[in-house]
Structures are given as structure tokens and as C-alpha cells.
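This report concerns only the one structure given below.
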Amino acid sequence: MAGNVKILAIEMNNTITILVVEDEVSFEKLIRQRLRQEVKNGSYSFVFAGNGQEALALLEVNKEIDIVLIDINMPVMDGLTLLSYLRKDKQQLITVIILANDDMPKIRTAMNLGAFDFVIKPIDFTDLKATIQKAIRELKVIRQAAKARELELMNEQLCQVGRMKSQFLTNISHEFRTPLMVIDGMSDQIVAKPDRWLIRGIQLIKRNSAHLLDMVNQILELTELDDGSLKLNLVQDNIVSYLYQVIEPFYNLAERKNIQLSILDELSELKMDYDPRKLQRVLSNLLSNAIKFNKPGGKIWVKLQGAKSSDFIGSPVGSPEQADWLLLTVKDTGVGIPEGQLSFIFNRFYQGDGSSTRSADGTGIGLALVKELLELMGGQVSVFSRASEGATFQIALPIRRDTSTL
4 MAGNVKILAI EMNNTITILV VEDEVSFEKL IRQRLRQEVK NGSYSFVFAG
54 NGQEALALLE VNKEIDIVLI DINMPVMDGL TLLSYLRKDK QQLITVIILA
104 NDDMPKIRTA MNLGAFDFVI KPIDFTDLKA TIQKAIRELK VIRQAAKARE
154 LELMNEQLCQ VGRMKSQFLT NISHEFRTPL MVIDGMSDQI VAKPDRWLIR
204 GIQLIKRNSA HLLDMVNQIL ELTELDDGSL KLNLVQDNIV SYLYQVIEPF
254 YNLAERKNIQ LSILDELSEL KMDYDPRKLQ RVLSNLLSNA IKFNKPGGKI
304 WVKLQGAKSS DFIGSPVGSP EQADWLLLTV KDTGVGIPEG QLSFIFNRFY
354 QGDGSSTRSA DGTGIGLALV KELLELMGGQ VSVFSRASEG ATFQIALPIR
404 RDTSTL
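The sequence shown begins at 4 in the working numbering and counts up by one.
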């Protein structure tokens with residue numbers, strides 16, 4: 004019987020599949036004979052195994068098994084050992100043990116290992132049918148409870164998404180309102196006193212308009228990421244000089260807040276494929292956050308290095324030609340991120356607890372966009388932080404040279 008699998012009915016939607024684990028061939032024949040009507044009408048479907056090891060192998064490939072009838076005494080792996088495995092890994096299975104009168108002392112052990120019920124040899128098939136029906140009722144209760152838990156979890160997740168989206172709309176309204184109020188107010192000032200406000204007013208209007216446009220573009224990019232329409236526009240050029248261009252405007256922003264921005268450059272030149280617009284979006288978001296959540300007198304370091312791996316620490320190499328990854332690290336001395344929030348900060352709309360953390364304001368999409376844009380480019384982002392101890396973000400981009408050189 005070892006190694007043989009026999010299915011005695013075509014499983015229907017309401018068919019209960021029962022695995023019988025018994026080393027006596029005669030028992031299989033008895034099941035065939037005495038329960039043939041139930042098999043014929045599609046109530047039951049039987050699968051047979053000769054010992055516990057065969058049963059475990061069958062359970063791995065046959066996910067439709069509902070109930071397991073297990074003989075206590077078998078070669079290779081006995082029933083109690085099988086029960087101990089099923090208790091750990093197959094908690095939604097109903098197990099019924101089969102034992103002789105002299106095995107009765109093992110009932111308590113079997114029940115402690117999760118057996119639902121037992122039948123005594125020689126088998127009384129009226130009792131066996133009743134036990135199977137009782138097991139089916141218990142199975143339905145277990146599965147209904149599991150389904151209820153699943154639905155409850157889904158509902159909680161949907162509610163959380165709803166709350167996050169509501170918070171996002173509140174935040175985005177606030178983020179839009181402030182520059183719009185500046186633009187509206189400054190327009191009135193220019194109309195009323197053009198000689199006094201024209202130049203300064205236009206500068207403020209342009210700056211706030213650019214901020215609004217940037218937020219709109221971020222939202223559009225997330226939408227394009229969702230529908231798969233956002234494509235890479237790669238160029239091959241010296242990425243180091245380009246990154247310097249991206250960083251340049253942030254010196255003034257940092258200086259206004261009395262923050263020191265420094266570049267720790269281990270690379271002077273590295274030609275590779277990259278998407279300028281998306282890379283600018285990623286680095287700009289990280290630098291904006293590093294300034295925004297820093298304090299006067301704080302510091303920001305940007306480090307560029309080549310590495311053999313994309314690990315957080317990486318494997319720095321001396322020559323760009325030996326590198327497989329570009330590692331770009333942004334480290335600050337700001338308020339940091341509580342450990343409990345680290346696993347959520349790249350989620351869309353996530354805003355943290357609104358306390359004195361990095362998530363105190365903003366739209367809640369910046370870091371999500373960083374992560375998703377990097378994944379589109381084949382890269383990744385890592386973060387290390389503790390509350391009140393600053394944060395370190397590391398970008399890893401694969402070094403590829405498949406695009407035509409500029």
C-alpha cells in the first residue's frame with residue numbers, strides 16, 4: 004500500500020475529502036465497500052496513505068483534504084507523531100484517531116495533540132459515519148470562524164486605507180491652501196502697489212506655483228505607477244555631476260535654516276544609465292525631508308560611493324569600474340523616526356502619529372514615491388533611524404550601461 008494514492012470519487016463543491024492513514028490494506032477495502040454509496044453520490048472523497056510520512060507528503064500536494072482518519076499504530080511514522088506535525092502546520096484540519104481497545108490509554112495523549120474524536124476497532128460504521136458528520140460540522144464552524152477573521156482583517160485594512168486617504172486629502176488640502184493663499188494675497192498686493200511689490204511678488208508667486216506644480220506632479224506620478232504607464236527615460240552620462248546639479252539648490256535652503264549640508268564624495272565620475280527626472284524626484288524628496296525635519300545648527304551629509312552589493316552598509320570598492328551598484332546616502336541630525344514607524348514610512352499616505360517625528364506634516368506620498376520610483380529603476384531604498392537621533396536613507400541603484408552615450 005506504501006506510496007499508493009487512491010481517490011475514490013470526483014470531488015464536487017460540497018464533497019468532503021478524507022485522508023485515511025492506515026497500514027492495513029484490508030481497511031481500505033472495507034472503506035471502499037461500506038462507504039461506497041457516500042462516495043458514489045459525491046458526499047465523500049477518500050485518499051489513502053500507509054503511514055504518517057506518506058500522509059504528510061499527500062497533505063503537501065493535496066490542499067483539498069478536510070478530515071484525516073489516523074491509525075495510532077503504524078510503521079515508519081505512527082499516529083501520535085503524525086498528530087504532533089499536524090498540530091503545528093495544519094490547524095484547520097479535523098483529525099480523528101483509530102485505535103484498538105488496548106490503545107485506550109493513548110486517547111488523552113492524542114486529544115492533547117489536537118485529535119477531535121476517536122473510533123474503536125473493530126470499526127462500527129454507523130459510529131464512523133456519525134463521527135465523520137460531527138467532524139464535518141466542526142470543520143464548518145472552524146472555517147466560518149476563519150472566514151470571519153479574514154473578513155474582519157480585510158475590513159480593518161479597508162478602514163485604515165480609508166482613514167489614510169482621508170488624512171491625505173486633509174493634508175493635501177492644507178499643502179495646497181498655503182501656497183494658494185500666498186499667491187492670492189500677493190496678487191492683490193501687486194495690483195494695489197505694483198511699484199512696491201511687483202518684483203518680490205512675482206518671485207513669491209513663482210516659488211509657490213512651483214511648489215504646487217511639484218505636488219501635482221508627484222500625485223500624477225503615483226497614478227502613472229499604478230496603471231503602469233510611467234516609463235523610464237534613460238540616458239547614459241556622468242551621474243556624479245548630475246547629482247551635484249540636483250543637490251546645488253538645497254545649499255541655500257539648508258543655509259536659511261542654519262543647517263550645514265556636505266557632500267562626502269568617493270566618486271568623481273561614474274558613467275551609467277539613469278533617468279534624470281526620476282532620480283531628481285527621489286533625491287529631492289530625501290533632501291527636502293532632511294532639511295524639513297532637521298533643527299537649526301543641524302547637519303546633513305550626502306555620500307556617493309560605488310559598491311559590489313546593495314546592502315545598507317554595502318561593499319565599497321576603490322574603482323567605479325569594479326562597482327555593480329551606486330550607493331547614495333542621505334544622513335541628517337534631525338528628529339529621527341521612532342522604531343515602530345520604520346516599517347510603515349514608505350507606505351502611501353502614511354503620516355505617523357503627528358507628534359515631533361518626521362511624519363508631522365506633508366502629503367504622506369513623498370517617501371512612497373521614493374520607494375516606488377527606485378523599484379521602477381531596479382533600485383531600492385533602506386532606512387536606519389532612532390527617535391531624536393536623526394535618520395539615514397540609502398539609495399542603491401544598479402550600474403548599467405545599455406543606453407547610448409550622450
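C-beta: ideal position from N, C-alpha, C; glycine also.
Quick check on N115: buried or exposed, where buried means 16 or more other Cβ atoms within 10 Å of its Cβ? Within the sequence shown, the letter at position 112 stands for residue 115. Answer is exposed; the Cβ neighbour count stays below 16.
Own chain residues within Cβ distance below 6 Å of L267, not counting five before or after: Mapped onto the sequence shown, residue 267 falls at position 264. Counting only Cβ-Cβ distances below 6 Å, and skipping sequence neighbours, we find W304, K306.
Range covered by the alpha helix (DSSP H) that runs through K43: As a first step, residue 43 must be located in the sequence shown, where it is residue number 40. Start and end: 39-43.
Can you name, in chain order, every residue of its own chain whose Cβ lies under 8 Å from the Cβ of F179, other than the five neighbours on each side? Start at 1 with the first residue of the sequence shown, and residue 179 comes out as number 176. These residues qualify, in order along the chain: L215, M218.
Near S265, which residues of its chain fall below 6 Å by C-beta distance, leaving aside the five closest residues on each side in sequence? In the sequence shown, the residue the question calls residue 265 occupies position 262. Cβ within range, chain order: W304.
Please state if the CB of F352 and the CB of M157 are separated by a distance shorter than 7 Å. By one-based count along the sequence shown, residue 157 stands at place 154. By one-based count along the sequence shown, residue 352 stands at place 349. No; because the gap between Cβ atoms is not below 7 Å, this pair is not in contact.
Okay, do the segment 321-340 and the segment 291-298 touch, 3+ Cβ pairs below 8 Å being the bar? yes
Note down, in chain order, each residue of its chain lying with its Cβ closer than 6 Å to the Cβ of I1, except the 5 sequence neighbours on either side. In the structure as shown, the chain begins at 4 and stops at 409. Residue 1 is therefore absent and cannot be evaluated.
Along the chain, where does the beta strand (DSSP E) containing L273 start, and where does it finish? Taking the sequence shown and counting its residues from 1, the one referred to as residue 273 is at position 270. No beta strand (DSSP E) contains L273, which DSSP labels as neither H nor E.
Within 7 Å, strictly: CB atoms of R404 and M275: In the sequence shown, residue 404 corresponds to position 401, counting from 1. In the sequence shown, residue 275 corresponds to position 272, counting from 1. Cβ distance < 7 Å, so R404 and M275 count as in contact.
Would you decide whether D92 is buried or exposed? Buried here means 16 or more other CB atoms lie within 10 Å of its CB. Working through the sequence shown from its first residue, we reach residue 92 at position 89. D92 should be labelled exposed.
So within the segment 37-111, which uninterrupted alpha helix (DSSP H) runs reach at least 4 residues, ignoring any that extend past its ends? 39-43, 55-64, 82-92
Spatial neighbours of I242 within its chain, please: CB distance less than 6 Å, with the 5 preceding and 5 following residues excluded, ordered by chain position. Counted from its first residue, the sequence shown places residue 242 at position 239. The answer, listed in chain order, is L273, M275, Y277.
V386, enclosing beta strand (DSSP E) - first and last residue: Sequence index remark: in the sequence shown, residue 386 carries index 383 (1-based). 383-388 is the span of the beta strand (DSSP E), which, as asked, contains V386.
Excluding the 5 residues flanking S359 on each side, which residues of the same chain have their C-beta closer than 8 Å to its C-beta? The sequence position of residue 359 within the sequence shown is 356, counting from 1. Because the pLDDT of S359 is 40, which lies under 50, any placement of that residue in the model is unreliable, and the number read from its coordinates should be weighed accordingly. Closer than 8 Å at Cβ, skipping near neighbours: V338.
Residues bridged to F128 (per DSSP): Taking the sequence shown and counting its residues from 1, the one referred to as residue 128 is at position 125. According to DSSP, which records beta bridges pairwise, F128 is partnered with nothing at all.
With DSSP as the reference, identify every bridge partner of F396, one or two as the case may be. As a position in the sequence shown, residue 396 is number 393, starting the count at 1. F396 pairs with V333, V386.
Opening and closing residue of the alpha helix (DSSP H) in which N220 lies: As a first step, residue 220 is located in the sequence shown; it is residue number 217 there, counting from the start. From DSSP, the alpha helix (DSSP H) with N220 extends over 197-230.
Spatial neighbours of K3 in its chain, beta-carbon cut-off 6 Å, leaving aside the 5 residues before and after: The structure shown does not extend to residue 3, since the chain spans only 4 to 409, so no value can be given for it.
Terminal residues of the alpha helix (DSSP H) in which L242 lies: Walking along the sequence shown from the start, residue 242 turns up at place 239. Before going on, a small fix: residue 242 reads as Ile here, not Leu. 242-259 is the extent of the alpha helix (DSSP H) around I242.
Enumerate in chain order the residues of its own chain whose CB-to-CB distance from K124 is below 6 Å, with the five nearest sequence positions on each side excluded. Within the sequence shown, residue 124 is the residue found at index 121, counting from 1. Closer than 6 Å at the Cβ level, and outside the excluded window around K124, lie A103.
In whole angstroms, give me the CA-to-CA distance for P401 and S46. Taking the sequence shown and counting its residues from 1, the one referred to as residue 401 is at position 398. Taking the sequence shown and counting its residues from 1, the one referred to as residue 46 is at position 43. Cα to Cα, P401 sits roughly 57 Å from S46.
Proximity below 7 Å, CB of T134 to CB of V122: Reading the sequence shown from its first residue, position 131 is the one you call residue 134. Reading the sequence shown from its first residue, position 119 is the one you call residue 122. Against a cut-off of 7 Å, the Cβ pair of V122 and T134 comes out as a contact.
Does D130 pass the burial test, meaning 16 or more other C-beta atoms within 10 Å, or should it be called exposed? Counted from its first residue, the sequence shown places residue 130 at position 127. Under this definition D130 is an exposed residue.
Here's the rule: buried if 16 or more other CB atoms are within 10 angstroms of the residue's CB, otherwise exposed. What is F347? Within the sequence shown, the letter at position 344 stands for residue 347. Looking at its Cβ environment, which holds fewer than 16 other Cβ atoms inside 10 Å, F347 is exposed.
Pairwise C-alpha distance: N44 and E14: For the purposes of this step, residue 14 is identified with residue 11 of the sequence shown, where counting begins at 1. For the purposes of this step, residue 44 is identified with residue 41 of the sequence shown, where counting begins at 1. With a pLDDT of only 37 at E14, under 50, the local geometry of the prediction cannot be trusted, and the value read off the model is given with reservation. Whole-angstrom Cα-Cα distance: 10 Å.
Rounded C-alpha distance that separates L330 from L246: One-based indexing of the sequence shown puts residue 330 at position 327. One-based indexing of the sequence shown puts residue 246 at position 243. So the alpha carbons of these two residues sit roughly 12 Å apart.
Can you grab the Cα-Cα spacing for the pair N288 / P252, in whole Å? In the sequence shown, the residue the question calls residue 288 occupies position 285. In the sequence shown, the residue the question calls residue 252 occupies position 249. Straight-line Cα distance between these residues: approximately 13 Å.
Identify whether V3 lies in helix, strand or coil by the three-state DSSP scheme. The first residue shown for the chain is 4 and the last is 409, placing residue 3 beyond what the model contains.
Secondary structure at D187, three-state DSSP: helix, strand or coil? Residue mapping note: residue 187 aligns to position 184 of the sequence shown, counting from 1. DSSP places D187 in helix when its eight states are reduced to three.
Separation of L161 from G357, as counted between CA atoms: The residue given as residue 357 occupies position 354 in the sequence shown. The residue given as residue 161 occupies position 158 in the sequence shown. Model confidence at G357 stands at a pLDDT of 45, short of 50, so the residue's coordinates are unreliable; what they give is reported in the following sentence. So the alpha carbons of these two residues sit roughly 21 Å apart.
Check this for me: beta carbons of R90 and G117, under 7 Å apart or not? On the sequence shown, residue 90 is found 87 positions in, with the first residue counted as 1. On the sequence shown, residue 117 is found 114 positions in, with the first residue counted as 1. For R90 and G117, yes; Cβs fall inside 7 Å.
Under the rule that 16 or more other beta-carbon atoms within 10 Å means buried, what is P108, buried or exposed? For this step, residue 108 is matched to residue 105 along the sequence shown. Per the 10 Å Cβ criterion, exposed.
Nearest candidate by alpha-carbon position, reference D327, set G381, S244, L38, L290: The count along the sequence shown starts at 1 and reaches residue 327 at position 324. Per the Cα distances, G381.
Is Q308 closer than 7 Å to E269 when the C-beta atoms are compared? For the purposes of this step, residue 269 is identified with residue 266 of the sequence shown, where counting begins at 1. For the purposes of this step, residue 308 is identified with residue 305 of the sequence shown, where counting begins at 1. The answer is yes: Cβ separation under 7 Å.
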